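Down below is the structure, laid out as structure tokens.
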Amino acid sequence: MTIPTSTTSFAEPATAQRLERAAAALRAHGFSVEILDTLAEARTRVPDLIPAGASVFTGASETLRLSGIEDDINASGRYDALKPRGLAMDRATEADEIRRMFASPDVEIGSVAAVTETGSVVIASGSGSQLPGYAGGAARAIWIVGAQKVVPDLPSALRRVEEHCLPLENERAMRVYGMPSAITRLLVLNAEYQPERGTVLLLREAVGF
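In this note's numbering, the protein residues as written are 305 to 513.
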């Protein structure tokens, strides 16, 4: 597999005007959107959005890891944290239970590869484990999105996935797993038909890939 070289244009935070344009388009498509200054603010906001005791699946995300939100959810004891429970289960004998558990949590939280100024959310995956919940299986989905992930339109979003996200994720996968990454699945959410189901916490700073 040939891994493209990352570009720098997709790493620059969007301007305030572009953030507002993306937020307005997302709201028009049924998403709830909050614009926050920093990742630290998002970390403070997340507990307000997830009720204690809820089953929560944390999608693979550098944004969650860097912010400490992943540990807040999976190690605090405040929630029914599904990822550590699934990792402790036997994948040979309990694979179906793990699959169903991850596909329909009360809340799934993570990040995205891109958000467009036309109101779409794009999520890339190698395994696909986080996609069922994001697509509709989770009662609620929360995405924390750095300002550099805002792009003009869907073609730009797909270019960002291929040219920017994949090289960075490939480096991480080689370091952590000893094997390259791949984009085997793409999810594009053009709208949310259930009010309040999908929440985007859009940051003014660049965070994650």
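Beta carbons: idealized from backbone N, C-alpha and C, even for Gly. The model shown is predicted, which means the values in this text are computed figures rather than measured ones.
So what does residue i bridge to, in DSSP terms?
| i | result |
| --- | --- |
| residue 445 | 412 and 502 |
| residue 489 | 429 |
| residue 507 | 340 |
Measure the Cβ-Cβ separation of residue i and residue j and say whether it is below 7 Å.
| i | j | result |
| --- | --- | --- |
| residue 494 | residue 431 | no |
| residue 314 | residue 437 | no |
| residue 507 | residue 340 | yes |
| residue 420 | residue 449 | no |
| residue 487 | residue 428 | yes |
| residue 513 | residue 401 | no |
| residue 547 | residue 501 | The chain is shown only over 305 to 513; residue 547 falls outside these bounds and no answer can be derived. |
Could you have a look at residue i and say whether DSSP puts it in helix, strand or coil?
| i | result |
| --- | --- |
| residue 455 | strand |
| residue 309 | Since pLDDT at residue 309 reaches only 42, below the 50 mark, its modelled position is unreliable, and the value read off the structure follows with that caveat. If DSSP states are grouped into helix, strand and coil, residue 309 belongs with coil. |
| residue 473 | helix |
| residue 478 | helix |
| residue 355 | coil |
| residue 348 | helix |
| residue 513 | coil |
| residue 440 | helix |
| residue 329 | helix |
### Task
Starting from the N-terminal side, write out each stretch of the alpha helix (DSSP H) that is 4 residues or longer and does not extend beyond the stretch 358-428.
366-371, 373-379, 386-392 and 399-407
### Query
Does the pairing of the stretch 461-480 with the stretch 382-400 give three or more beta-carbon distances under 8 Å?
no
### Query
Does the stretch 312-331 come within contact of the stretch 409-417, defined as at least 3 CB pairs closer than 8 Å?
no
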